[in-house]
Amino acid sequence: MFDIQHPDRFVNRHLGPNEKELAKMLATIGVDSLEQLIDQTVPSNIRYQKELNLPEAMSEFDYLNMLKGIAAKNQVFKTYIGLGYYPTITPSAILRNVFQNPGWYTPYTPYQAEIAQGRLEALLNFQTVVSDFTGLPIANASLLDEGTAAAEAMSMFYNIKNKRAKGDLANQILVSTQIYPQTLDVIYARAEPLGIEVVLTDTFDITDKTFAILLQYPDVNGQVDDYSAIVEKAKAHKVYTAVAADLMSLALLTPPGEWGADAVVGNTQRFGVPMGFGGPHAAFFATKEDFKRQIPGRIIGVSIDSNGDPALRMALQTREQHIRRDKATSNICTAQALLAVMASMYAVYHGPDGIKSIAGRMHTLAQILDLELKALGYQQLNTYYFDTIKLSVEATLQGKIKAAALAAGMNFYYPNETTIQIALNEEVDLQAVADIVNLFAGEKGAAKTSTEQLLEKHKDLDLQIPATLVRESDYLTHPTFNSYHSESQLMRYIKRLENKDLSLVHSMISLGSCTMKLNAATEMLPVSWSEFADIHPFAPSDQTKGYEQLINELEEYLCTITGFDACSLMSNSGAQGEYSGLLAIRAYHQSRGEGHRNIVLIPSSAHGTNPASAVLAGMKVVVTKCDERGNLDLNDLTEKAEKYKDNLSALMVTYPSTHGVFEATIKEVCAVIHQFGGKVYMDGANMNAQVGLTSPGEIGADVCHLNLHKTFAIPHGGGGPGMGPICVNNSLAPFLPKHSFRTVGGSQGVHAVAAAPWGSASILLISYGYIRLLGRTGCKAATEYAILNANYIKARLEGAYDVLYTGEKGRAAHELIIDLRNFKSVNVSAEDVAKRLMDYGFHAPTLSFPVAGTIMIEPTESEDQAELDRFCDALLQIRKEIDEIATGEADAQNNVLHNAPHKQTVIINSNWDRPYSVEQAVFPLPFVRANKFWPQIGRVNNAYGDKNLICSCPSIESYEEIEA
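According to the numbering used here, the sequence shown is numbered sequentially starting from 8.
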């Protein structure tokens with residue numbers, strides 16, 4: 008009799024090794040069973056003696072059918088709410104070839120530029136778009152959302168203004184009363200721990216305490232005002248100006264950079280990225296050359312490679328947290344790369360004329376709507392506008408209009424009882440305008456109108472923009488934005504860039520601490536369903552019941568997995584999760600009259616964002632030692648906890664440790680912190696090794712952030728999106744962040760830490776799908792197989808390489824560190840090994856973190872034995888190449904390691920004069936020949952790029968200068 012359960016179990020698709028491979032791998036490791044390996048790896052005193060209380064696993068077919076039922080509970084209305092979120096049209100060529108393409112959504116952050124030239128070019132395009140539209144010369148490669156981008160501008164100018172201050176700090180920012188409410192919420196959250204005073208104002212009365220002003224353009228009402236006098240006033244007082252702007256409007260409006268703004272921030276969501284109930288979207292940040300060393304986040308720059316050819320790479324602030332730690336000016340170490348690529352391709356596809364036409368069409372339709380409603384007797388409050396009109400109505404009439412609009416499937420924005428705002432968008436056509444007009448006409452008892460009548464009445468319209476603010480400058484003049492307007496052209500351009508990048512479609516990406524987990528197609532597919540993609544984050548709750556069910560269930564699952572009591576899904580990156588957790592701890596201490604508790608203990612091995620986040624949360628960092636095995640030094644920790652007991656706020660600890668070890672004393676560590684009045688914050692970067700075996704709650708922590716883009720299968724997308732929700736115990740639950748538009752968070756919650764109530768809500772679907780598809784047993788199996796794969800690699804590489812840290816019984820956790828420092832004697836560095844791996848078709852493991860001169864390897868559970876063997880074979884062959892240098896068989900300088908990676912143009916050269924063969928350079932093992940990935944450039948010259956900073960699409964002349 009056949010089993011009547013569905014035979015296509017997702018767990019078998021997700022886990023790499025099959026049963027036969029499992030037996031072989033266990034034998035190589037030297038254990039009899041997977042259970043024995045886990046017993047030797049995870050300390051018994053923290054092990055679960057129970058199963059996770061999660062649903063049973065599902066087949067992919069059954070899951071998608073179930074999810075369709077949940078999706079049907081969402082209602083997709085015609086949305087005219089605005090406030091920074093708008094329906095948009097994603098060109099099908101971009102939806103299909105970027106958003107739904109694993110060649111674009113599975114690459115890692117472009118830290119290894121030689122195998123990331125496609126993404127880097129797309130992100131350079133993004134920076135060019137932002138720079139051109141804002142009128143400022145330097146832009147970064149995206150931030151998380153508009154609210155946090157505005158907060159970053161505030162922090163940047165606060166630091167710059169007070170850098171050399173000897174007396175009282177200038178700690179006051181003047182914020183326009185016409186700012187978006189969600190942006191103001193985030194500003195308050197960021198300002199309070201730093202001691203910044205936020206002053207809401209219409210008059211901008213500058214004092215000697217003022218360091219910056221923040222404006223909205225167009226403002227929250229849709230009004231377009233000339234701010235030049237305010238900006239001149241600020242300049243005269245040496246006060247900085249930041250402007251939150253609508254990028255699409257800048258196709259018609261004079262960009263803030265031209266009227267004096269020092270920084271312009273906002274969101275590129277309107278450039279073809281679905282609303283997704285709040286995200287993910289690529290925020291932008293542009294500023295003046297003066298601040299290029301202070302701009303937060305990633306910047307893509309142009310440099311040269313080892314052959315003198317142009318090469319793109321991340322410039323300046325790349326991973327500054329890991330260098331500057333508590334001295335870092337921002338905790339931002341991520342971006343929204345995938346969404347930035349989509350937005351950049353939208354600009355490539357439409358070009359300057361196309362975008363101007365889209366913006367102009369919206370503005371014209373808004374004018375028609377304005378004139379028609381005025382003719383019906385409605386009072387329009389905006390003198391000048393781009394796409395949004397604001398009506399003054401009596402409260403009773405507003406109620407009738409709102410009811411009629413909802414009945415007609417329309418969402419307007421009602422800021423108070425006597426006003427209605429209508430923000431038009433790219434999807435709106437003349438029929439949609441006629442429908443709105445007729446709805447308002449019905450409440451006046453007036454006759455309906457038709458599209459033909461509207462066309463006849465409104466043939467010639469002037470811009471409803473002040474003459475001083477009509478844009479005259481050009482934008483998107485670079486050939487990239489004027490060459491790929493047909494679908495064939497765009498498709499080939501996208502594919503050409505995709506082919507330059509190594510992703511999971513080529514080979515495993517073994518980055519320790521980053522967990523490049525399989526992003527299953529079934530998990531990804533629903534993100535682009537209209538029922539999830541086309542929902543405004545501030546839509547009425549009765550239209551979002553599907554999302555709310557999914558969110559509530561996901562919060563419950565994450566609490567079960569972490570052993571905690573409450574969850575906030577707001578934080579839209581891991582670093583923001585750190586920040587949110589620390590704010591909750593800070594608020595907890597304040598609620599007990601212990602606001603003076605501001606000392607955070609952080610191990611020396613911690614991720615660099617830990618100390619950076621602590622400083623942003625208004626805390627002081629004290630570093631604790633690690634012993635020679637990479638474990639927390641319990642004596643040093645206890646000594647410092649006691650020393651600072653009166654002011655101890657928290658310990659930030661990663662578990663398993665950043666060194667890839669399950670520390671047996673972790674419960675004692677937590678007890679010490681609690682003994683002296685502190686809370687334990689657990690960094691969730693390594694949660695991939697805990698799920699189903701133990702949990703932060705079981706271990707004794709109070710709060711943990713979860714990198715959903717790591718443990719729970721959200722893709723890295725070439726450097727983002729990410730999500731960093733936090734789970735907390737009951738003591739911290741009251742302090743979870745609130746939001747101005749939705750009831751979320753705790754009763755004493757801090758201000759919002761992101762612009763949308765549930766952060767990048769649409770990608771929560773991926774983690775929800777991961778948990779539902781694997782179920783209780785599959786989630787645990789994923790953890791066990793992650794530990795299996797790491798220890799298999801360890802067993803294969805031991806002898807050829809030194810493994811730096813192991814647990815008490817000689818096992819690695821889900822990752823391991825290979826020590827390459829002893830090869831310095833033969834002039835081989837960890838970077839040489841990393842670059843040489845590219846010639847074998849592999850992305851380098853994490854390089855020189857957490858220990859300089861090492862590589863940290865994490866294979867994940869989704870890689871099968873054959874792929875693990877290819878990777879190990881590559882490293883073992885590289886060891887032979889090192890030995891050849893050591894024995895003198897290979898030249899000490901001119902060798903395959905120092906010259907790696909080898910690009911095609913170097914190989915296809917009649918002047919090949921290197922002391923090793925072409926075959927050894929590019930086909931060092933047989934498997935490489937069968938599936939060769941070609942690095943597009945030679946090794947990047949980073950120093951040259953920082954000295955000659957070019958951060959937007961360079962002209963042909965600039966390229967010629969670089970080549971010269």
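Yeah, the Cβ is synthetic: ideal placement off N, Cα and C, and Gly gets one too. Just so we're clear, the structure is a prediction, and the values are computed from it rather than from any experiment.
Quiz item: Touching or not, the region 695-704 and the region 746-766, by the rule of three or more beta carbon pairs under 8 angstroms?
Solution: no
Quiz item: Between I307 and L319, which are expected to be in contact by the criterion C-beta below 8 angstroms, what is the C-beta distance as a whole number of angstroms?
Solution: Start at 1 with the first residue of the sequence shown, and residue 307 comes out as number 300. Start at 1 with the first residue of the sequence shown, and residue 319 comes out as number 312. Their Cβ separation, rounded to whole angstroms, is 6 angstroms, which keeps I307 and L319 in contact under 8 angstroms.
Exercise. Would you kindly report the start and end of the unbroken alpha helix (DSSP H) that includes H712?
Key: Your numbering for residue 712 matches position 705 in the sequence shown. Premise fails: H712 lies in the beta strand (DSSP E), V710 to H712, not in any alpha helix (DSSP H).
Quiz item: Under a Cβ-count criterion, where at least 16 other Cβ atoms within 10 Å of its own Cβ denotes burial, should P200 be classed as buried or exposed?
Solution: For the purposes of this step, residue 200 is taken as the residue at position 193 of the sequence shown. Per the 10 Å Cβ criterion, buried.
Self-check item: Local conformation of C879 per DSSP, three classes
Solution: Indexing the sequence shown from 1 puts residue 879 at position 872. Residue state, collapsed to three classes: helix.
Quiz item: Quick one: what does DSSP say H850 is sitting in, helix, strand or coil?
Solution: Taking the sequence shown and counting its residues from 1, the one referred to as residue 850 is at position 843. In the structure shown, H850 sits in a strand (DSSP, three-state: E or B).
Quiz item: Where I824 and A893 are concerned, what is the direct C-alpha to C-alpha distance, given to the nearest angstrom?
Solution: Here the question's residue 824 lines up with position 817 in the sequence shown. Here the question's residue 893 lines up with position 886 in the sequence shown. Near 23 angstroms, if we compare the C-alpha coordinates of A893 and I824.
Quiz item: Just checking my contact of I396 with G229 at CB under 8 angstroms: how many whole Å lie between their CB atoms?
Solution: As a first step, residue 396 is located in the sequence shown; it is residue number 389 there, counting from the start. As a first step, residue 229 is located in the sequence shown; it is residue number 222 there, counting from the start. Indeed they touch by this definition, with Cβ atoms about 6 angstroms apart.
Quiz prompt | Contact check, D192 vs S580, beta carbons under 7 angstroms | solution = Counting from one through the sequence shown, the residue named residue 192 turns up at place 185. Counting from one through the sequence shown, the residue named residue 580 turns up at place 573. Contact: no.
Quiz prompt | Cβ shell of A740 (< 7 angstroms), same chain only, five flanking positions each side left out | solution = Start at 1 with the first residue of the sequence shown, and residue 740 comes out as number 733. Correct list, in chain order: D572, A573 and G753.
Quiz item: Three-state secondary structure (DSSP) at E26?
Solution: Your numbering for residue 26 matches position 19 in the sequence shown. Helix.
Quiz item: Short check: CB of V83 to CB of S537, under 7 angstroms?
Solution: Position 76 of the sequence shown, counting from 1, holds the residue named residue 83. Position 530 of the sequence shown, counting from 1, holds the residue named residue 537. Cβ atoms of V83 and S537: closer than 7 angstroms.
Quiz item: Just how far apart, CA to CA, sit A678 and N338?
Solution: In the sequence shown, the residue the question calls residue 678 occupies position 671. In the sequence shown, the residue the question calls residue 338 occupies position 331. Their backbone Cα atoms lie some 28 angstroms apart in a straight line.
Quiz item: Below 7 angstroms between beta carbons: does that hold for A156 and A373?
Solution: On the sequence shown, residue 156 is found 149 positions in, with the first residue counted as 1. On the sequence shown, residue 373 is found 366 positions in, with the first residue counted as 1. Not a contact, by the Cβ cut-off of 7 angstroms.
Quiz item: Is the beta carbon of P908 sitting closer than 7 angstroms to the one on E28?
Solution: Position 901 of the sequence shown, counted from the first residue, corresponds to residue 908. Position 21 of the sequence shown, counted from the first residue, corresponds to residue 28. Not in contact: P908 and E28 (Cβ atoms no closer than 7 angstroms).
Practice problem: Write down every uninterrupted run of the alpha helix (DSSP H) in the region 494-554 whose length is 4 residues or greater and which is fully enclosed by it, in chain order. | Solution: 494-505, 528-531 and 537-540
Quiz item: Is there at least one non-hydrogen atom of the ligand GTP closer than 6 angstroms to the beta-carbon of A474?
Solution: Here there are no bound small molecules, and the ligand GTP is not part of this structure.
Quiz item: When we look at the beta-carbon of S159 and count the other beta-carbons within 10 Å, is it buried (16 or more) or exposed?
Solution: On the sequence shown, position 152 is the one that residue 159 refers to. Reading the sequence as shown, one finds Glu at residue 159 and not Ser. Result: buried.
Quiz item: If you scan the region 854-935 from start to end, which runs of the alpha helix (DSSP H) of 4 or more residues do you find wholly inside it?
Solution: 872-894, 911-914 and 925-929
Quiz item: Are the CB atoms of K524 and A720 nearer to each other than 7 angstroms?
Solution: The count along the sequence shown starts at 1 and reaches residue 524 at position 517. The count along the sequence shown starts at 1 and reaches residue 720 at position 713. For K524 and A720, yes; Cβs fall inside 7 angstroms.
Self-check item: Nonlocal neighbours in the same chain, by C-beta distance under 8 angstroms from L446, ignoring five residues either side
Solution: Reading the sequence shown from its first residue, position 439 is the one you call residue 446. Once the five neighbours on either side are set aside, the close Cβ partners of L446 are I408, A411, A412, A415 and M417.
Self-check item: DSSP beta-bridge partners of N274
Solution: As a first step, residue 274 is located in the sequence shown; it is residue number 267 there, counting from the start. Bridge partners of N274: D253 and A290.
Self-check item: Nearest to T853 (by Cα), restricted to the options R103, Y112, T116 and H681
Solution: Within the sequence shown, residue 853 is the residue found at index 846, counting from 1. Among R103, Y112, T116 and H681, the Cα nearest to that of T853 is on T116.
Quiz prompt | For L845, the residue or residues it bridges with in DSSP | solution = Within the sequence shown, numbered from 1, the residue matching residue 845 stands at position 838. Sequence check: residue 845 is Met here, not Leu. Beta-bridge pairing links M845 to no other residue.
Quiz item: DSSP state of F218, grouped into three classes?
Solution: The residue you call residue 218 lines up with position 211 of the sequence shown. Correct three-state label for F218: strand.
Quiz item: Under 7 angstroms, do G584 and S578 count as touching if we go by C-beta distance?
Solution: Taking the first residue of the sequence shown as position 1, residue 584 is located at position 577. Taking the first residue of the sequence shown as position 1, residue 578 is located at position 571. Yes, Cβ-Cβ distance for G584 and S578 is below 7 angstroms.
Quiz item: Is the region 360-379 touching the region 455-468 in the sense that three or more CB pairs, one from each, lie closer than 8 angstroms?
Solution: yes
Self-check item: Selection from V435, N423, V348 and A382 that minimises the alpha carbon distance to I365
Solution: On the sequence shown, position 358 is the one that residue 365 refers to. Taking only the C-alpha atoms, the option nearest I365 is V435.
Quiz item: Is the region 246-259 in contact with the region 122-135, if contact means three or more CB pairs nearer than 8 angstroms?
Solution: no
Self-check item: Classification of H21 by the beta-carbon crowding that lies within 10 angstroms, buried from 16 upward
Solution: By one-based count along the sequence shown, residue 21 stands at place 14. Classification for H21: buried.
Exercise. May I ask you to verify whether the region 175-192 touches the region 211-231, counting CB pairs closer than 8 angstroms and requiring at least 3?
Key: yes
Practice problem: Compute the Euclidean distance between the alpha carbons of F669 and F849, then round it to the nearest angstrom. | Solution: The residue you call residue 669 lines up with position 662 of the sequence shown. The residue you call residue 849 lines up with position 842 of the sequence shown. Their Cα atoms are separated by approximately 28 angstroms.
Quiz prompt | Beta-carbon spacing of V105, A354 below 7 angstroms | solution = Sequence index remark: in the sequence shown, residue 105 carries index 98 (1-based). Sequence index remark: in the sequence shown, residue 354 carries index 347 (1-based). The answer is no: Cβ separation not under 7 angstroms.
Quiz item: Whose C-beta lies closer than 7 angstroms to the C-beta of E401 among residues of the same chain, with five residues either side of it excluded?
Solution: Sequence index remark: in the sequence shown, residue 401 carries index 394 (1-based). Around E401: T425.
Self-check item: Proximal residues to E204 (C-beta, below 6 angstroms), its chain only, five neighbours per side dropped
Solution: What you label residue 204 is simply residue 197 of the sequence shown in a count that begins at 1. Excluding residues within five positions, the ones whose Cβ falls inside 6 angstroms are N178 and Q179.
Practice problem: Enumerate in chain order the residues of its own chain whose CB-to-CB distance from L254 is below 6 angstroms, with the five nearest sequence positions on each side excluded. | Solution: The count along the sequence shown starts at 1 and reaches residue 254 at position 247. Cβ neighbours of L254 beyond the five flanking positions: F140, G273 and T275.
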